[in-house]
Every structure is written in C-alpha cells, then in structure tokens.
Amino acid sequence: MIQVQLAPWLQPLAGCLPLTTADAVATLNALPGAPRRFVPAEALPAGEAYEAFIARTGCVPTRHHLHDLLNGLVWCAEPAIKARLNELQAAQIAAHGVGGTRGPVRDALTLFDENGAVWTACPAPIARAWRQRDWHAMFITHRALWATVAPPRLVGHALMEQLATAPRKGLCAHVLLDDPLDLQPQDWARKPFLPLPVLAVPGWWPDNDVPSFLDDPRVFRPLRPSTAP
Numbered sequence: 000m001i002q003v004q005l006a007p008w009l010q011p012l013a014g015c016l017p018l019t020t021a022d023a024v025a026t027l028n029a030l031p032g033a034p035r036r037f038v039p040a041e042a043l044p045a046g047e048a049y050e051a052f053i054a055r056t057g058c059v060p061t062r063h064h065l066h067d068l069l070n071g072l073v074w075c076a077e078p079a080i081k082a083r084l085n086e087l088q089a090a091q092i093a094a095h096g097v098g099g100t101r102g103p104v105r106d107a108l109t110l111f112d113e114n115g116a117v118w119t120a121c122p123a124p125i126a127r128a129w130r131q132r133d134w135h136a137m138f139i140t141h142r143a144l145w146a147t148v149a150p151p152r153l154v155g156h157a158l159m160e161q162l163a164t165a166p167r168k169g170l171c172a173h174v175l176l177d178d179p180l181d182l183q184p185q186d187w188a189r190k191p192f193l194p195l196p197v198l199a200v201p202g203w204w205p206d207n208d209v210p211s212f213l214d215d216p217r218v219f220r221p222l223r224p225s226t227a228p
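Residue numbers for the sequence shown follow numbering that gives the first Met the number 0, beginning at 0 and rising by one.
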C-alpha cells in the first residue's frame, strides 16, 4: 500500500492526491482529467527511451511505487509543464540519440523534472538575497514577504519522494523564477536554477524561523565566485 501525506510542499497536488492506493496505474487513470494514460512499466519496449515512448504514445509507463505515483500526480497537477518537458526531451533524443550522456539540455530537463520547483511570484527582495546566497536576508529579514505571495510549487517527483520518506535539511529544489513554458532549449542548457533548501521555507518545517536553523554551511552555502550573478 502506497501512502502519501498532504505535507505543505504537496499542496499543489491537493486537487488530485489520493492519500492511499494499492494500484498506482489504476488510481492515476481514474483521476478526472488525467492528461495522459498511465500504463504498466512493462509496456515500454526494450530499447526505446522512456521520454520518446511517452511522446509517441501519450502513455506514461508506471511502476507500483511512490516515485512513479508522484510522477503521475505531477502529470495531473502540472500537465502543461510535464508536456513541455517531455516535448523538449523527445526532441533532444530524436536529434541526438540517447547516447552515453544526456547532454546539457536533457540533463537540465531531467534535473528539473526530478528535482524542480517554480516560483514566478518570488518577491524581488527575496530574489536579490537569494542570488547572493544571503540566506539570513532571504529567510529571516524578508520573512514577512513570504506570506504575501503564493509559495514555490514543487514539480520534482523525486524530491517529493525524498521529502515524504526521509525529510532533512539538506534537500534542495532546483527552482525557476521564470515560467518553464517560456524557456527554449538554449535557456535550459544554462541551468537557470536557484537552489532552495525546501525545509527552510517559512511554515514548511518546525523551528525554521529561528536564525540558528541556517547555521549549517553544508546546506546554506555562500555564493561561489564562479556562480556570482
């Protein structure tokens, strides 16, 4: 039996989230308005890339475990984003093949698909502090600003899985401040992400309003010169 608790970071899935399921494929196909058909993982032919199969058939191979259940739920909650990611991934595979490495565009798309988040509503003072990796300003000085806008939306199903099974301070989302639907392959190749320690988001974890929560340089790292804006 797969169980998913409705934690704060799962709120974007609330409209289509089954709290319990014994059959991920059947549950996902039963959701109203599911944008793709979900099929058992065995439907993926040997030698065909997963992304190419989805683009060709409109079907998403799904295994019976939490990782794939969450992937399906994101398909239902964020169909336009997932469809765009698949379109770009399939185009890259068609142009360059699967190969031994993904290449910069597919690498960025996969990273976002597994570990991404979107925050187009990010207030400018928070964004400025974030780009400078001024974590104290981002989470403490500007804390009140977080409540004035919609929070980041997680779309990375692997990140959701880790948060559901083993939440810890070091889990970071790769966040886009721009609409991913507007990005072209050359934009993705630059990996235009900002790192977000998810459990530092105000209201998402106990005690993260205490400044000492940020006193972990392994997680809240200073800006490296090579990444300066």
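Here a beta-carbon is modelled for each residue, glycine too, at the ideal position from N, C-alpha and C.
| request: Using the Cα positions of F138 and R55, report the straight-line distance between them to the nearest angstrom. | output: Between F138 and R55, the C-alpha separation is close to 44 Å.
| field | DSSP three-state assignment for V73, whether helix, strand or coil | value | Here V73 sits in helix by DSSP.
| What distance in whole Å lies between the Cβ atoms of L195 and R130, which are believed to be in contact at a cut-off of 8 Å? | For a cut-off of 8 Å, the C-beta gap from R130 to L195 is around 12 Å, too long to register as a contact.
| Cross-strand partners of T61 (DSSP beta bridge) | Beta-bridge pairing links T61 to P39.
| message | Taking the alpha helix (DSSP H) that V104 belongs to, which residues open and close that run? | response | Here the alpha helix (DSSP H) through V104 covers 102–114.
| query | Of all the options D215, A23, A6, which has the alpha carbon lying nearest to the alpha carbon of V38? | reply | It is A23 whose Cα lies nearest to the Cα of V38.
| query | If T119 sits next to L176, beta carbons under 8 Å apart, how far is it from one beta carbon to the other, in whole angstroms? | reply | Going by Cβ atoms, the distance from T119 to L176 rounds to 6 Å, so yes, they are a contact pair.
| Are there three or more Cβ pairs, one per stretch, closer than 8 Å when the region 181–193 is compared with the region 138–152? | Short answer: they don't touch.
| Which term fits V200, buried or exposed, when burial requires 16 or more other beta carbons within 10 angstroms of its beta carbon? | With a 10 Å radius around the Cβ and a threshold of 16 neighbouring Cβ atoms, V200 comes out buried.
| message | Between the region 62–74 and the region 91–110, can you find at least three pairs of beta-carbon atoms closer than 8 Å? | response | Pairwise C-beta distances place the region 91–110 out of contact with the region 62–74, as fewer than three of them are shorter than 8 Å.
| query | Is it the case that the Cβ atoms of T61 and A40 are separated by a distance below 8 Å? | reply | Contact check for T61 against A40 passes: the beta carbons are separated by less than 8 Å.
| Cutoff 7 Å; reference G202; Cβ partners in own chain excluding five residues on either side | Short of 7 Å from the beta carbon of G202, and not among the five residues preceding or following it, lie these beta carbons of its own chain, in chain order: P7.
| query | Since G155 and A116 are thought to touch, with beta carbons under 8 Å apart, how far apart are those beta carbons, to the nearest angstrom? | reply | The pair is a contact, with the Cβ atoms about 7 Å apart (cut-off 8 Å).
| task | Quick one: grab the DSSP three-state call for V154. | result | DSSP, reduced to helix, strand and coil, places V154 outside both helices and strands of the structure shown, so it counts as coil.
| Burial state of R105, where buried means 16 or more other Cβ atoms lie within 10 Å | It is buried - the Cβ of R105 has at least 16 other Cβ atoms within 10 Å.
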